[in-house]
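Here's the structure we're looking at; comments come further down.
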């Protein structure tokens, strides 16, 4: 039996700032149940850094950053990654000053395909370094090239990131750009394909969005464990995501 961890993206027009963790797990080795607890949860404590970048801000970015900082690696290339599978890389940031510290303020970007942690250390001493993590989780097939903007007391620095998303062997695809009228309900079923020659068992499923609720395919709160067992080379419904459009804003959630 094989066990895997997959992310599935739901995007309905707004980013959620307060996130509720809902998990689906095994119980007594024979049943599954849905339970909910209040918790900030987002790709293992990484956050979405997407924001609109104005031309005025771009013009203020320091182009000759070699006088101030150095990145390692010089730029980040995630190469080809399957849709629905996040990939994490660590970036080191060095302070080139020999007698001046740099205070780290924040990280931002202009794409929804990349996520970032905060800096490991908020201040870099002279000739010291800090680090931060970047996750690539593509929402569509194809190459994505963008920049992260590192905000410090010495100015704004640009860091290039790149990645390419290819189709998932589990046939999971993001659901994005869905537009709903107020008070409408959207409840897609998530299907998963098993590309292996042996059965795989889904152990637990999490949702990062408090406005998105998980339901078993049967609609019940409990079900037999084999409900989540996917035979070789077969496609099976594993969970339903239910969303109610009670406010007029964008919503984004992730199902793991």
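In mature numbering (1 follows the signal peptide of the UniProt record, and there is no 0), the protein residues as written are -24 to -1, 1 to 232. From the three backbone atoms N, C-alpha and C, an ideal C-beta is built for every residue, glycine too.
Rounded C-alpha distance that separates residue 58 from residue 135: The residue labelled residue 58 in the question sits at position 82 within the chain shown. The residue labelled residue 135 in the question sits at position 159 within the chain shown. Looking at the two C-alpha atoms, the distance is approximately 23 Å.
CA nearest to the CA of residue 52, picked from 42, 95, 231 and 63: In the chain shown, the residue the question calls residue 52 occupies position 76. Checked all of 42, 95, 231 and 63; the closest Cα to residue 52 is 63.
Cβ atoms of residue 177 and residue 205: under 8 Å apart, would you say? As a working note, residue 205 is residue 229 in the chain shown. As a working note, residue 177 is residue 201 in the chain shown. Contact: yes.
Consult DSSP for residue 201 and reduce its assignment to one of helix, strand or coil. Reading the chain shown from its first residue, position 225 is the one you call residue 201. Helix, per DSSP.
Mark residue 225 as exposed unless 16 or more other C-beta atoms lie within 10 angstroms of its C-beta, in which case mark it buried. To locate residue 225, count along the chain shown from 1; it is residue 249. Flag for residue 225 reads exposed.
How far does the beta strand (DSSP E) with residue 174 in it reach, from first residue to last? To locate residue 174, count along the chain shown from 1; it is residue 198. No beta strand (DSSP E) holds residue 174; DSSP gives it neither H nor E.
Applying the 10 Å Cβ sphere with the 16-neighbour rule, what's the burial state of residue 215? The residue given as residue 215 occupies position 239 in the chain shown. By the neighbour-count definition (other C-beta atoms within 10 Å, threshold 16), residue 215 is a buried residue.
Nearest by alpha-carbon distance to residue 80: which of 101, 180 and 88 is it? Your numbering for residue 80 matches position 104 in the chain shown. Comparing Cα positions, the closest option is 101.
Under a three-way DSSP split, which group does residue 46 fall into? By one-based count along the chain shown, residue 46 stands at place 70. Strand at residue 46.
Exposed unless 16 or more other CB atoms sit within 10 angstroms - verdict on residue 173: Sequence index remark: in the chain shown, residue 173 carries index 197 (1-based). Label assigned to residue 173: exposed.
Assuming residue 217 and residue 163 form a contact by the criterion Cβ under 8 Å, report the distance between their Cβ atoms to the nearest whole angstrom. Against the chain shown, residue 217 aligns to sequence position 241. Against the chain shown, residue 163 aligns to sequence position 187. Contact holds; Cβ gap of about 7 Å.
For the putative contact between residue 122 and residue 90, defined by C-beta atoms under 8 Å, what is the C-beta separation to the nearest angstrom? As a working mapping, residue 122 is identified with position 146 in the chain shown. As a working mapping, residue 90 is identified with position 114 in the chain shown. Their Cβ separation, rounded to whole angstroms, is 7 Å, which keeps residue 122 and residue 90 in contact under 8 Å.
Quick one: what does DSSP say residue 85 is sitting in, helix, strand or coil? By 1-based counting over the chain shown, the position of residue 85 is 109. Looking at residue 85 - three-state DSSP - the assignment turns out to be strand.
Given this structure, state the Cα-to-Cα distance separating residue 154 from residue 160, to the nearest angstrom. On the chain shown, position 178 is the one that residue 154 refers to. On the chain shown, position 184 is the one that residue 160 refers to. Answer to the nearest angstrom: the Cα atoms are 12 Å apart.
Express the C-alpha separation of residue 151 and residue 88 in angstroms, rounding to a whole number. Here residue 88 refers to the residue found at position 112 when the chain shown is read from its first residue. Here residue 151 refers to the residue found at position 175 when the chain shown is read from its first residue. Their Cα atoms are separated by approximately 14 Å.
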